[in-house]
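Student: Would you mind keeping the following structure in view while I ask a few things?
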Amino acid sequence: MLSSINHFRAKFFFFFFFFFKKMWIFGYGSLLWYTDFPYRNVIPGVVRGYSRRFWQLSPDHRGTASSPGRTVTLVTDKNGSCWGLAYEIAEEQVSDTIRYLDIREKAGYFRKEVMFYPDNGDPFFPINVYLAAEEENPYFTGPTDEKNIVHSILRARGISGTNIEYVLRLAECVHRMAPHINDEHLFAIERKVVEGCHQLNIQDDYLLKYLNQKHPTESFTKN
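1 is the number of the first residue of the sequence shown in the UniProt record's numbering; add one for each residue after it.
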């Protein structure tokens with residue numbers, strides 16, 4: 001019994017110093033495929049008490065001021081969870097990475113610390129995540145009918161590409177990296193975007209690639 005307690009304590013302190021003393025960033029949107037910053041390690045898992053929603057307008061990366069696109073944010077959901085990737089940032093890169101992400105997520109997003117639960121069952125640990133401010137944020141729409149969300153997505157394009165590409169890349173990442181996850185909102189938007197492209201005969205470069213892809217399980221390696 002005593003040895004079991006000592007083993008638990010040793011494991012607890014190991015994870016405390018290994019995770020709690022490090023800087024981690026949670027990626028649940030475009031950070032799943034486009035990091036553009038150095039990281040030491042990546043771990044798949046979920047944050048609990050939040051759900052991923054297309055309730056944030058994008059006036060730059062995936063749309064314009066006059067025709068904003070849609071990007072995902074996390075919204076409070078007592079029974080919800082959101083799958084994504086935890087990136088460990090090297091100590092010497094923390095300041096530069098935060099500065100870069102503050103600029104990248106400037107249109108209504110702010111940084112918050114939440115708890116991350118690894119897929120492999122390891123102890124949870126704190127992680128930084130960018131999510132849309134729900135007050136004093138002109139780009140946050142709140143609950144929106146999926147039909148209206150898709151209508152915006154089909155016609156929006158920004159400096160980072162089409163909004164269609166954003167949706168399909170995100171859905172493809174979750175299908176491929178986390179086949180055990182059923183993100184109902186994301187997959188419903190994905191399905192309706194594909195249907196809308198067919199109905200309106202929209203020719204999108206990434207759509208063609210997406211339709212020809214399968215979704216093999218991806219292994220996680222350092223970059």
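No residue lacks a Cβ here, since even glycine has one placed at the ideal position from N, Cα and C. The model shown is predicted, which means the values in this text are computed figures rather than measured ones.
(1) So, for Gly84: in the same chain, excluding its five sequence neighbours on each side, which residues have a beta-carbon less than 6 Å away from its beta-carbon?
(2) Rounded to a whole number of angstroms, what is the C-alpha to C-alpha distance between Ile159 and Leu200?
(3) Buried or exposed for Asp36, please, with buried defined as at least 16 other CB atoms from any protein chain shown within 10 angstroms of its CB.
(4) Do the CB positions of Val167 and Ile189 come within less than 8 Å of each other?
(5) According to DSSP, is Gly69 helix, strand or coil?
(6) If you measure between the beta carbons of Pro68 and Ser152, is that distance less than 8 Å?
(7) Taking the alpha-carbon of Ala133 as reference, which of Asn148, Glu146, Leu31 and Gly108 has the nearest alpha-carbon?
(8) So, helix, strand or coil for Ala160, using DSSP?
(9) Along the chain, where does the beta strand (DSSP E) containing Lys106 start, and where does it finish?
(10) Give the DSSP-derived three-state secondary structure of Gly80 in the structure shown.
(11) Take Lys147 as the anchor and find which of Ile103, Pro118, Leu207 and Val194 has the nearest alpha-carbon.
(12) Note down the Cα distance separating Lys209 from Ile164, rounded to an integer number of angstroms.
(13) By the DSSP assignment, the alpha helix (DSSP H) with Ala188 in it spans what residues?
(14) Mapping DSSP to helix, strand and coil, what is Arg62?
(15) By a C-beta neighbour count over all protein chains shown, 10 Å radius and 16 as the cutoff for buried, is Ile43 buried or exposed?
(16) Thinking C-alpha only, which one of Ala171, Asn41, Ile181 and Tyr100 is nearest Leu207?
(17) Note down the Cα distance separating Asp204 from Ser30, rounded to an integer number of angstroms.
(18) Which of the three DSSP states, helix, strand or coil, is assigned to Glu134?
(19) Beta carbon of Thr73, beta carbon of Gln56: below 8 Å?
(20) Starting from Pro126, follow its DSSP beta bridges and name the residues at the other end.
(21) First and last residue of the alpha helix (DSSP H) that includes Ile153?
(22) Select from Arg40, Arg191, Val46 and Ile181 the residue whose C-alpha is nearest the C-alpha of Tyr87.
(23) Can you tell which of Arg53, Ser51, Arg62 and Val46 has the C-alpha that lies nearest to the C-alpha of Arg157?
Tutor: Concretely, from the data shown:
(1) Taking the first residue of the sequence shown as 1, we reach residue 84 at position 84. These residues qualify, in order along the chain: Phe26, Gly27 and Tyr28.
(2) Against the sequence shown, residue 159 aligns to sequence position 159. Against the sequence shown, residue 200 aligns to sequence position 200. In a straight line, the C-alpha of Ile159 is about 23 Å away from that of Leu200.
(3) Translated into positions along the sequence shown, residue 36 becomes position 36. Within 10 angstroms of the beta-carbon of Asp36 lie fewer than 16 other beta-carbons, which makes it exposed.
(4) Residue 167 sits at position 167 when you count from the first residue of the sequence shown. Residue 189 sits at position 189 when you count from the first residue of the sequence shown. Taking 8 Å as the Cβ cut-off, Val167 and Ile189 qualify as a contacting pair.
(5) If you number the sequence shown from 1, residue 69 lands on position 69. Assigned with DSSP and collapsed to three states, Gly69 falls in strand.
(6) Counting from one through the sequence shown, the residue named residue 68 turns up at place 68. Counting from one through the sequence shown, the residue named residue 152 turns up at place 152. For the pair Pro68 and Ser152, the CB atoms are nearer than the 8 Å cut-off.
(7) Sequence index remark: in the sequence shown, residue 133 carries index 133 (1-based). If we check each option's Cα against that of Ala133, Gly108 comes out closest.
(8) Here residue 160 refers to the residue found at position 160 of the sequence shown. This sequence places Ser at residue 160; Ala is not what is there. Under the three-state reduction of DSSP, Ser160 is assigned to coil, being neither helix nor strand.
(9) Here residue 106 corresponds to residue number 106 of the sequence shown, with the count starting at 1. Where Lys106 is concerned, there is no enclosing beta strand (DSSP E), given that its DSSP letter is neither H nor E.
(10) For the purposes of this step, residue 80 is taken as residue 80 along the sequence shown, with counting starting at 1. Under the three-state reduction of DSSP output, Gly80 falls in the strand class.
(11) Stepping through the sequence shown from its first residue, residue 147 is reached at position 147. The shortest C-alpha to C-alpha distance from Lys147 to any of Ile103, Pro118, Leu207 and Val194 is the one to Val194.
(12) One-based indexing of the sequence shown puts residue 209 at position 209. One-based indexing of the sequence shown puts residue 164 at position 164. Their Cα atoms are separated by approximately 12 Å.
(13) Against the sequence shown, residue 188 aligns to sequence position 188. Element bounds for Ala188: Glu184 to Leu200.
(14) Within the sequence shown, numbered from 1, the residue matching residue 62 stands at position 62. Correct three-state label for Arg62: coil.
(15) What you label residue 43 is simply residue 43 of the sequence shown in a count that begins at 1. Counting of Cβ neighbours within 10 angstroms places Ile43 among the buried residues, the total reaching 16 or more.
(16) To locate residue 207, count along the sequence shown from 1; it is residue 207. Considering only alpha carbons, the answer is Ala171.
(17) For the purposes of this step, residue 204 is identified with residue 204 of the sequence shown, where counting begins at 1. For the purposes of this step, residue 30 is identified with residue 30 of the sequence shown, where counting begins at 1. So the alpha carbons of these two residues sit roughly 18 Å apart.
(18) What you label residue 134 is simply residue 134 of the sequence shown in a count that begins at 1. Of the three classes helix, strand and coil, the one that applies to Glu134 here is coil, per DSSP.
(19) Within the sequence shown, residue 73 is the residue found at index 73, counting from 1. Within the sequence shown, residue 56 is the residue found at index 56, counting from 1. Here Thr73 is near Gln56, since their CB atoms are less than 8 Å apart.
(20) Sequence index remark: in the sequence shown, residue 126 carries index 126 (1-based). Beta-bridge pairing links Pro126 to Met115.
(21) Residue mapping note: residue 153 aligns to position 153 of the sequence shown, counting from 1. Ile153: member of the alpha helix (DSSP H) spanning Glu146 to Arg155, first to last residue.
(22) Residue numbering aside, residue 87 sits at position 87 when the sequence shown is read from its first letter. Checked all of Arg40, Arg191, Val46 and Ile181; the closest Cα to Tyr87 is Arg40.
(23) Translated into positions along the sequence shown, residue 157 becomes position 157. Checking every option, the nearest Cα to that of Arg157 belongs to Arg62.
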